[in-house]
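Below: one structure, written as structure tokens.
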Amino acid sequence: MHSGGNKKFMNHFIEEVINNKNLKAADDLVAEDFIEHIPFPGQGPGRDGLKDVLQFMFTGFPDMKWTVLEQIAERENVVTRVSWTGTHNGEFMGIPPTGKSVEVWGVVIDVVRNNLFAESRIIMDTVSLLQQLGVMP
Numbered sequence: 001m002h003s004g005g006n007k008k009f010m011n012h013f014i015e016e017v018i019n020n021k022n023l024k025a026a027d028d029l030v031a032e033d034f035i036e037h038i039p040f041p042g043q044g045p046g047r048d049g050l051k052d053v054l055q056f057m058f059t060g061f062p063d064m065k066w067t068v069l070e071q072i073a074e075r076e077n078v079v080t081r082v083s084w085t086g087t088h089n090g091e092f093m094g095i096p097p098t099g100k101s102v103e104v105w106g107v108v109i110d111v112v113r114n115n116l117f118a119e120s121r122i123i124m125d126t127v128s129l130l131q132q133l134g135v136m137p
């Protein structure tokens, strides 16, 4: 797949799996041996580990929505700058629901290989997230 096709692929993943909360679609879009280079605390390996983390996020922020702000692709790599919003209506990282709305930025460096989401490095503004939830000054 060419760079433009990889961008479309990752946009489809974001829309279908994250924004539509369709974890079943991940079975067709994510490599079974998926690698998260900066794993979420407690994240298991592979596609199932990614699905577990996404479910964890959906539980904490049931209305979570990602917006792609900028994207750059070269060969199999896709770098995406995102903003995500959500309302903290479920437990998240041991933090009971606060009902607070958040907006968090992130940068994701993904690899699309053999028409599958194969690798990721995700960097999120976790400090701002915790401040918006009121659990960090």
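In this note's numbering, the protein residues as written are 1 to 137.
Note that the Cβ used here is the ideal one computed from N, Cα and C, for glycine as well.
For Ser83, the beta-bridge partners assigned by DSSP are Thr67 and Trp105. Of all alpha-carbon atoms in Gln55, Asn22, Val108 and Ala25, the one lying nearest the alpha-carbon of Gln71 is that of Val108. Straight-line spacing of the CA atoms in Thr85 and Ile122 works out to 16 Å. Between Glu15 and the set Ile35, Trp66, Glu32 and Ala118, the nearest pair of CA atoms involves Trp66. Between Glu119 and Ile35 a beta carbon distance of about 5 Å is seen, short of the 8 Å cut, so the two are scored as contacting. Look at Arg75 here: in three-state DSSP terms it is coil, with no helix or strand label.
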